[in-house]
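**Q**
2 protein chains.
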Amino acid sequence: MGSVSIKDVAARAGVSPGTVSNVLNRPEKVAASTRTRVERAISELGFVRHGSASSLRAGHSRTIGLSVIDIGNPFFTDVAAGVEDVASDRGYAVILGNSSGDRMKEQRNLLVFAEQRVRGVLITPSDEDQARLDRIKERGINVVFVDHPATRPDQCSVAVNDVTGGAMAVAHLIEGGAERVAYVTGPTSIRQCADRRQGAERALAAAGRDPASLVEVPMTAMTARAGQQAAEKLLAEGLPDAVFCANDLLALGVLRGLMHAGVRVPDDVALVGYDDIDFASASAVTLTSIRQPTHRLGQVATELLLDECDNPGSHAHQQIMFQPELIVRESTRN
Amino acid sequence: MGSVSIKDVAARAGVSPGTVSNVLNRPEKVAASTRTRVERAISELGFVRHGSASSLRAGHSRTIGLSVIDIGNPFFTDVAAGVEDVASDRGYAVILGNSSGDRMKEQRNLLVFAEQRVRGVLITPSDEDQARLDRIKERGINVVFVDHPATRPDQCSVAVNDVTGGAMAVAHLIEGGAERVAYVTGPTSIRQCADRRQGAERALAAAGRDPASLVEVPMTAMTARAGQQAAEKLLAEGLPDAVFCANDLLALGVLRGLMHAGVRVPDDVALVGYDDIDFASASAVTLTSIRQPTHRLGQVATELLLDECDNPGSHAHQQIMFQPELIVRESTRN
DNA sequence: ACAAATTATTAAAACGTATCAAGCCGCAAA
DNA sequence: TTTGCGGCTTGATACGTTTTAATAATTTGT
Chain A
3 MGSVSIKDVA ARAGVSPGTV SNVLNRPEKV AASTRTRVER AISELGFVRH
53 GSASSLRAGH SRTIGLSVID IGNPFFTDVA AGVEDVASDR GYAVILGNSS
103 GDRMKEQRNL LVFAEQRVRG VLITPSDEDQ ARLDRIKERG INVVFVDHPA
153 TRPDQCSVAV NDVTGGAMAV AHLIEGGAER VAYVTGPTSI RQCADRRQGA
203 ERALAAAGRD PASLVEVPMT AMTARAGQQA AEKLLAEGLP DAVFCANDLL
253 ALGVLRGLMH AGVRVPDDVA LVGYDDIDFA SASAVTLTSI RQPTHRLGQV
303 ATELLLDECD NPGSHAHQQI MFQPELIVRE STRN
Chain B
3 MGSVSIKDVA ARAGVSPGTV SNVLNRPEKV AASTRTRVER AISELGFVRH
53 GSASSLRAGH SRTIGLSVID IGNPFFTDVA AGVEDVASDR GYAVILGNSS
103 GDRMKEQRNL LVFAEQRVRG VLITPSDEDQ ARLDRIKERG INVVFVDHPA
153 TRPDQCSVAV NDVTGGAMAV AHLIEGGAER VAYVTGPTSI RQCADRRQGA
203 ERALAAAGRD PASLVEVPMT AMTARAGQQA AEKLLAEGLP DAVFCANDLL
253 ALGVLRGLMH AGVRVPDDVA LVGYDDIDFA SASAVTLTSI RQPTHRLGQV
303 ATELLLDECD NPGSHAHQQI MFQPELIVRE STRN
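Chains A and B are the protein sequences, given in the same order.
Under the working numbering, the first residue of the first sequence is numbered 3, with each subsequent residue one higher.
Under the working numbering, the first residue of the second sequence is numbered 3, with each subsequent residue one higher.
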């Protein structure tokens, strides 16, 4: 009933199991006539290859592991969709792991990946602990960083330049006439937040301003709720001319907080977010934002990983850095 | 280097491979002293079980397949997070498949699942073709429907009552004094859209109104952009007192379209969405919406599936129907 | 027409684990 | 002492595939 094996197919087609395996894996090695005979037997019997047996013998599976920090974040969701795209195209299955920023959970995911003998791992590391990843690589499992630049040359990575992104945002605000600029951000321990601030300061310096004039408003979370609290803080401390947020969710919260207080955007205060999530263009005042090639990030990371797997000899490790893009909308048009 | 097997562990601990397998799978069957000895050998050698070999011999793997229609939709993302939660807790890996509503792609995902010999499949079917799923079940792979009620008693499913949800939304609008109610929806071939409309009509009837008085505004997509177009259509045809949208994305678009035209929400028009996505509470006018227990949906579906796998004898198939919840916010407070 | 070279196919040996019948050992009952 | 018994452990086998060396079939060159 359930399980029809390569032997059954061989018997039906009047060939040996080895030949069936050949039409599966190296069709060009087998004569056209026998190949069609085997293919017919396969479809008549509804045979599907037993992946476990295959990877046991072959020494590697056709799966890759994907470990992200928060699958609920639209950013990572888009990345995951990109990964799934090319993995699926090349016949690979994607095993999903959600670390929730918890390193124990991340560790457990990596163990599961190791048990499944995944061909490779795509990971947005939740911290800088390289040793753990080295242990994975010792097992012959390739690792590619996603949204995190690798510091070592023997390690592939894809990321987006957050410093440039921050600079673009603030340069745009200065160009629009802003004198006093605020930066609403998440925890400064997050690399992305720190890099974007650095970019903001660079833009100020480039315009001949004092980088220290940037009004920093640090929040513990990067949600819309936190953004609203940030707006209250800004209202209390005196409004700046422009606000740059480390995140679209924060920006949407700030927007709402300001509007509630009767502040008009962009007339009274200009506003820029980051990520260009779908909702940035759906809010009451559409949001100027920094777009990142999220989907592409996932695609390229996967291509890099599979290239490393398929051509271990000729593969050249790459640390790819994408450039972000400024999307101007109503929140800065005045 | 890479690969240390159960035999190496056995040699190190001075026992037979069979015993090592026992401490892995039935620890209670082996004497405490040898067990600790084996466990030490395992950690000293950094042994991790070869999942493929294990499932080849055991006849089933510790993976489940998850096939969703659109991983980019926050609704499915939340579901996936719930699935990952309990799967990870029980030591299962989740293989992700994104069908994009394309039945060929869904088919390919199911093939990948079959090759991996997943223990079971969680699927939000993109159409009503039961035959394809029957073929999966013939292979001994259990299937649970997610966000889709099963019509047959030999099939588990979890879903949320969309008729009730639609009724709640419109009853709330009527209670708020609405005379003329519009329903902005996606393609009517989508079950969820049809069910929610049915609920809306039921609420009208319950209030002594003519169900046919519901002004239906069908769109081809369920995005914010489509919502904005719907708002234009409503403005052209004469505004209703209230608008019920099949989707929060549509509702956010409608909100934006109305505000741009100077229509005030909720003073001039009341508005209700569906799904209660995070952004419903982050928009300029916060959105009244129908909340679904998305995360729980994924959790329960997975529990059902794993119960079916682990206790094939005693498992009772269930078709679970959750109830939605009305979340009242500014868009209907007047 | 015969050897050589090429192409197609086969048989058998792994891959790493789970399982199960059989064996071992020490101890209580006879 | 013998027998029986129960708890632990072992050894051998099978799971379904890939791979390699060897054999058979076919073509080519002379």
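Note that the Cβ used here is the ideal one computed from N, Cα and C, for glycine as well.
Mind checking the stretch 229 to 245 of chain A against chain B and listing, in chain order, the residues whose C-beta falls within less than 7 Å of any C-beta there?
**A** Flagged: no residues at all.
**Q** Just the Cα atoms here: how many angstroms apart are residue 117 of chain A and residue 263 of chain B?
**A** Spanning the two alpha carbons is a distance of roughly 58 Å.
**Q** Let me see if you follow: with CB-CB separation under 8 Å, is residue 254 of chain A close to chain B or not?
**A** Cβ-Cβ to chain B under 8 Å: yes for residue 254 of chain A.
**Q** I'd like the span of the alpha helix (DSSP H) that includes residue 176 of chain B, first residue to last.
**A** Looking at the DSSP string, the run of the alpha helix (DSSP H) that includes residue 176 of chain B is 164 to 177.
**Q** Mind listing which residues of the stretch 94 to 109 of chain A have their C-beta closer than 8 Å to chain B's C-betas, in chain order?
**A** Under the 8 Å Cβ criterion, the stretch 94 to 109 of chain A contributes 95, 96, 97, 98, 99, 100 and 107.
**Q** In this structure, does DSSP put residue 272 of chain B in helix, strand or coil?
**A** Strand, per DSSP.
**Q** Need the endpoints of the beta strand (DSSP E) that residue 292 of chain A sits in, please.
**A** Segment 291 to 293, the beta strand (DSSP E) holding residue 292 of chain A.
**Q** Helix, strand or coil: how does DSSP classify residue 218 of chain B here?
**A** Three-state DSSP puts residue 218 of chain B in a strand.
**Q** Which class does residue 53 of chain B belong to by DSSP, given the choice of helix, strand or coil?
**A** Helix.
**Q** Is the Cβ of residue 90 of chain A closer than 8 Å to any Cβ of chain B?
**A** It does: the Cβ of residue 90 of chain A has a partner Cβ on chain B nearer than 8 Å.
**Q** By alpha-carbon positions, which one of A:165, A:175 and A:186 ends up nearest to residue 204 of chain A?
**A** Per the Cα distances, A:165.
**Q** With a CB to CB cut of under 7 Å and the five nearest residues on each side skipped, what residues in its chain are close to residue 251 of chain A?
**A** Cβ neighbours of residue 251 of chain A beyond the five flanking positions: 224, 225, 226 and 229.
**Q** So, with DSSP's three-state summary, where would you put residue 230 of chain B?
**A** Three-state result, residue 230 of chain B: helix.
**Q** Keeping to the same chain, check which residues put their C-beta closer than 6 Å to that of residue 333 of chain A; ignore five residues upstream and five downstream.
**A** Cβ within range, chain order: 267, 268, 273, 287, 289 and 290.
**Q** Return the CA-CA distance between residue 271 of chain A and residue 234 of chain B, expressed in angstroms with no decimal places.
**A** Computed Cα separation, rounded: 29 Å.
**Q** Assuming contact is defined by CB atoms lying nearer than 8 Å, are residue 178 of chain A and residue 198 of chain A in contact in what I supplied?
**A** It is not a contact, given that the beta carbons lie outside the stated cut-off.
**Q** Please identify, using Cβ separations under 8 Å, the residues of the stretch 187 to 205 of chain B that lie next to chain A, in order along the chain.
**A** For the stretch 187 to 205 of chain B, which is checked against every Cβ of chain A, not one residue is closer than 8 Å.
**Q** For my contact list, residue 66 of chain B and residue 94 of chain B are in at a C-beta cut-off of 8 Å; report their separation, rounded to the angstrom.
**A** About 6 Å; that satisfies the 8 Å criterion.
**Q** Got a sec: is the Cβ-Cβ distance from residue 124 of chain B to anything in chain A below 8 Å?
**A** No - not a single Cβ of chain A is within 8 Å of the one on residue 124 of chain B.
**Q** When you compare the CB positions of residue 244 of chain A and residue 175 of chain A, do they come within less than 8 Å of one another, or not?
**A** In this structure, residue 175 of chain A lies closer than 8 Å to residue 244 of chain A by Cβ.
**Q** Apart from the five residues on each side of it in sequence, which residues of its chain come closer than 8 Å, Cβ to Cβ, to residue 18 of chain A?
**A** Here the set comprises 12.
**Q** How is the beta strand (DSSP E) around residue 321 of chain B delimited, first residue to last?
**A** Element bounds for residue 321 of chain B: 321 to 324.
**Q** Just to check my reading of the structure: residue 21 of chain A and residue 40 of chain A have Cβ atoms closer than 8 Å, yes? What is that Cβ distance to the nearest angstrom?
**A** Their Cβ separation, rounded to whole angstroms, is 7 Å, which keeps residue 21 of chain A and residue 40 of chain A in contact under 8 Å.
**Q** Since residue 100 of chain B is in the beta strand (DSSP E), which residue starts that stretch and which ends it?
**A** First-last of the beta strand (DSSP E) with residue 100 of chain B: 95 to 100.
**Q** Below 8 Å, can you find three or more Cβ-Cβ pairs linking the stretch 102 to 111 of chain A to the stretch 126 to 138 of chain A?
**A** In short, these stretches touch, since the Cβ pair count reaches three.
**Q** Ends of the beta strand (DSSP E) at residue 65 of chain A?
**A** It spans 65 to 70 - the beta strand (DSSP E) in which residue 65 of chain A sits, taken as one unbroken run.
**Q** Under a CB-based cut-off of 8 Å, is residue 58 of chain B close to chain A?
**A** It does: the Cβ of residue 58 of chain B has a partner Cβ on chain A nearer than 8 Å.
**Q** From the DSSP output, in three-state form, read off residue 122 of chain A for me.
**A** Note: residue 122 of chain A maps to strand in three-state DSSP.
**Q** Rounded to the nearest angstrom, what separates residue 119 of chain A and residue 55 of chain B at their Cα positions?
**A** Going by the C-alpha atoms only, they are around 10 Å apart.
**Q** Between residue 304 of chain A and the rest of its own chain, which residues show a CB-CB distance below 6 Å, the 5 nearest in sequence each way excluded?
**A** Once the five neighbours on either side are set aside, the close Cβ partners of residue 304 of chain A are 85, 88 and 89.
**Q** Run the CB neighbour count on residue 232 of chain B, radius 10 Å, all protein chains shown included, and call it buried at 16 or more, exposed below.
**A** Label assigned to residue 232 of chain B: buried.
**Q** Does the beta-carbon distance from residue 123 of chain B to residue 143 of chain B come in below 8 Å?
**A** Yes, the Cβ-Cβ distance between residue 123 of chain B and residue 143 of chain B is below 8 Å.
**Q** Under 8 Å between the Cβ atoms of residue 242 of chain A and residue 294 of chain A?
**A** Contact: no.
**Q** Mind listing which residues of the stretch 300 to 322 of chain B have their C-beta closer than 8 Å to chain A's C-betas, in chain order?
**A** Cβ contacts with chain A come from no residue of the stretch 300 to 322 of chain B.
**Q** Looking at C-alpha atoms only, which residue of A:276, A:236 and A:99 is the closest neighbour of residue 254 of chain A?
**A** Nearest option by C-alpha distance: A:276.
**Q** Can you find a C-beta in chain A that's less than 8 Å from the C-beta of residue 86 of chain B?
**A** Yes - at least one Cβ of chain A is within 8 Å of the one on residue 86 of chain B.
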